[in-house]
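Step one of this worksheet: look at the structure below.
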Amino acid sequence: QSETNPTTSGTRTVPVATVTLPASTGLTNNTWATRDHTIQVKAVGLTVTTTVNGIEVDSRTLIGDQIRRHGSFGFAGGTDATIRDVKVTGTGAPDFAVDLTTGANPFEAGIGTLSGLTFPPKNPYIPAKNAILPIANPAPLLRRAFTLPRGRRVSTARLHLSAAGNVTFTVNGDPLTVDGKQATRDHTNVPRLLTDQSTYDRTVLYDTFDVTGLLQDGRENVVAAELGRGWYGLTTPQEWYWQLAPYSGAPRLRAKLVVTYTDGSATTLVTDKDWLTADGPTTFDSVYSGEKYDARRAEALGEWRSAGHRTGREWRPATVLIPPGSCSGPSPKYHGALPATTIPDGFRAATVRAHEAEPVLVNRTLRPISLTETAPGSGVWVLDYGQIMTGLVRLSLTGVRSDKEGLTLRIRGGNRISGGDGTAASPFSVEEENFQHDADLQTHYYTLGRRPTQTWEQQFSHFGFRYLEVMNLETVLGRAPDLTRDADVLTVGVARSGFARTGTFTTDNALLNRLQRNLEWAEQNNLVQKPTDTPSREKNGWTGDAMASSESESLTWDVNAVLTNYLRHFPDTQISTGQLPMFVPIAKGGYGYDRTPGWNAAWKAVPAWDSAYFVIPRELYTYYGNSSLFAELYDHQDTLLTYYETLFTAENDYKFEASLGAYY
């Protein structure tokens, strides 16, 4: 995995060498697919030796750009292969071994099948990827048990909640809600993807929830959390270098519960060393790649979120980590790495700021309108939900036989159907819009437990899709799936930031009405925490795209809070020269600044995007009377214009060629 070859296509894998294999290995054109082969790569210092079926085929000492901290393996273009098992030993870390014949896939590429991890021949609709073993730890679980005093009535209880990454939080097993009431049956009042993304070395957001009705007087209470990597600890290699952000690190939680009694006294509970932690059933999560969940682990943990649960030996005291922040000086000592528990010299903690925008909510549930096999006997099924949307996948299985334990479902989302006509010789597939990631996009893996009823819901990522492609479903069900019988097996919660509708537009023209509905879907799909250009492959807050849609959104939705929150991230991303990146928030220094890795069209000034700094505040004032940002952003806007002045010189006749120019 080369770190010296950034490209705009997102593929940064550079081969060290091409080796011709001798016939003595038994690996020839005639035997490739007729028997299993064993490939071993051994590294001692900078010398790498490769053997195939016990025969040494190459040994070399790496020099220059060949020396890399990361590596990947794959197969030559136009070929296909199935990997049965992988072992990694002697790295100084715990040994790694995985049997890939259960449908599981710990890597960020390939297709998990019951034959093994398959790399199909080149498909123009599914980009080829190398098998990258992601940097991933199971999502940590956190819990704290406590007892409120008897005889003192609770007046109010407020939970102030912040996380670097994502968090799901419960009180006595009940989820938080935006209205302080019990969760509705379909959880439409339960906030998702907490907390919103920010530029973590400068600002971290927090939300406050009313949990008065969830506490028990005089009895044990349990507050519990599960942490996802979110945008803070993202490890998936991609075009925008989030994995190299200066603040990147393990997810972490900050919470404060204040219980006030009717006599005016109060009890306060904070996150500290008295909390317990354990590895959770989510073994991997990525805002781009999706999630991997092991129900066997969930069953072993039991009702760990509930009061009265007795924790086992796997639970240990939580580590108190330093908060997100930054260091001054040319050689920062802080890199966000676990378990950095001592605050280094020169460290400046990020500001913790109240999050004024509505959290992400599910506003409806969609069931598939069709269920089709990609070709007779393929075992690959495609569910069509009838609408491109931003959604959270929900899985519900009943009647699961215990002998299905350990089998893994592969669930992948996409917007279009491509390829063949659905015959055995020409199967169709769900197209993958993935040319900017070195990993599979929008793909979940669910490993079954033993229980007859099993449920799971996506919680640390969101997908933009219309279709779900599912593998191994027939094996899990023990029969061919049927739409009438299985409509509730895979449903989707349509999600967006929880702003209200404030306007409607209808005409007596069916085409105009359809266009308006399409517009409304597109706007909602791209308003998840921030305005984005696509909810599937990028999920980035491009400033020009936000500006282009902000007025239209203001005519239909109350986007005052979500756009105000978005604009307050602009100063955090602006550098000392005054330059503003093209999307916000951003991994500072990793993409979008002058002479940084990535797309060179994003370098220097981009007036068509930078003008969002001025246009969106004006529109918020026009449509909502919100003038608060004028004074708040003025000095930062002035710094941007001062930067623009440096680009107009006598040498260029007071003209400069703006990046992108009239790109749109």
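Add 209 to the 1-based position in the sequence shown for the working numbering, that's all there is to it.
The C-beta atom is built at its ideal place from N, Cα and C for all residues, glycine as well.
Under three-state DSSP, which class holds residue i?
i	result
Met791	coil
Ala459	coil
Trp808	coil
Ile248	strand
Pro636	strand
Ser515	coil
Glu500	strand
Gly586	coil
Pro548	Residue placement at Pro548 is poorly supported in this model, since its pLDDT is 43, which falls under 50; the coordinates are not used for a value here.
Lys813	coil
Asp395	coil
Thr390	The residue you asked about is not Thr; residue 390 is Lys in the sequence shown. Coil at Lys390, not helix or strand.
Ala648	coil
Trp665	strand
Ser611	helix
Ser837	helix
Among residues of its own chain, excluding the 5 on either side of residue i, which ones have a beta-carbon nearer than 6 Å to its beta-carbon?
i	result
Ala811	Met791, Gly801
Arg505	Gly658
Ile292	Leu309, Gly325, Leu326
Pro532	Ala558
Gln249	Thr260
Thr256	Thr270
Arg353	Val432, Trp484
Gly595	Ile578
So, at 7 Å on beta carbons, what are the nonlocal neighbours of residue i in its own chain, with the 5 sequence-adjacent residues on each side left out?
i	result
Val561	Ser371, Val413, Tyr415
Leu462	Leu351, Ala372, Val376, Ala434, Leu436, Thr480
Thr700	Thr574, Leu575, Arg576, Arg603
Leaving out five residues before and five after residue i in sequence, what residues of the same chain have Cβ atoms less than 8 Å from its Cβ?
i	result
Asn346	Ala459, Asp488
Ser515	Asn381, Gly382, Val431
Val297	Asp304, Phe305, Ala306, Leu342
His564	Thr404, Asp405, Leu414, Tyr415, Asp416, Asn774
Asn722	Thr715, Thr716
For residue i, which of the options has the nearest alpha-carbon?
i	options	result
Thr379	Trp440, Ala584, Val431	Val431
Val602	Gly588, Pro585, Gly608, Gly622	Gly622
Asp185	Phe669, Trp590, Ala719	Residue 185 lies beyond the stretch modelled for the chain, which goes from 210 to 873, so this question has no answer here.
Arg576	Asn735, Arg438, Val698	Val698
Trp524	Pro532, Pro533, Trp513, Gly534	Trp513
Asp405	Gly750, Ser758, Asn861, Gly235	Gly750
Lys465	Ala475, His778, Val266	Ala475
Phe669	Val266, Leu323, Phe493, Gly427	Phe493
Glu641	Ser611, Gly673, Ala633, Asp630	Gly673
Arg359	Asp388, Asp395, Tyr470	Tyr470
Ile795	Tyr456, Val420, Asn238, Thr298	Tyr456
Leu424	Pro384, Gly437, Ala252, Tyr594	Pro384
Met598	Val571, Arg675, Trp665, Gly588	Arg675
Ala566	Arg361, Gly422, Pro400, Gln667	Pro400
Starting from residue i, follow the beta strand (DSSP E) in both directions and report where the run begins and ends.
i	result
Asn430	429–437
Gly753	First-last for Gly753: 752–765, but that is the alpha helix (DSSP H), not the beta strand (DSSP E).
Ala859	Unbroken run through Ala859: none, as it is neither H nor E.
Ile320	320–322
Phe708	Looking at the DSSP string, Phe708 is not in any beta strand (DSSP E), and its letter there is neither H nor E.
Val881	In the structure displayed, the chain extends from 210 to 873; residue 881 sits before or after that span and is not available.
Is residue i near residue j, with beta carbons less than 9 Å apart?
i	j	result
Leu350	Pro568	no
Leu682	Ser706	no
Asp781	Thr408	yes
Leu776	Leu842	yes
His653	Arg625	no
Ala821	Gly753	yes
Thr684	Leu323	yes
Ser763	Glu854	no
Thr445	Tyr502	no
Pro816	Ala867	yes
Leu368	Phe316	no
Thr632	Phe714	no
Arg411	Ser579	no
Thr848	Gly787	yes
Asp395	Thr247	no
Asp267	Ala226	yes
Asn398	Leu510	no
Starting from residue i, follow the alpha helix (DSSP H) in both directions and report where the run begins and ends.
i	result
Arg353	No alpha helix (DSSP H) contains Arg353, which is instead part of the beta strand (DSSP E) from 349–356.
Asn769	769–776
Gln733	719–734
Ala821	821–833
Phe779	779–782
Please check if any C-beta of chain B sits within less than 9 Å of the C-beta of residue i.
i	result
Thr831	Of the chains in the structure shown, none is chain B; there is only one protein chain.
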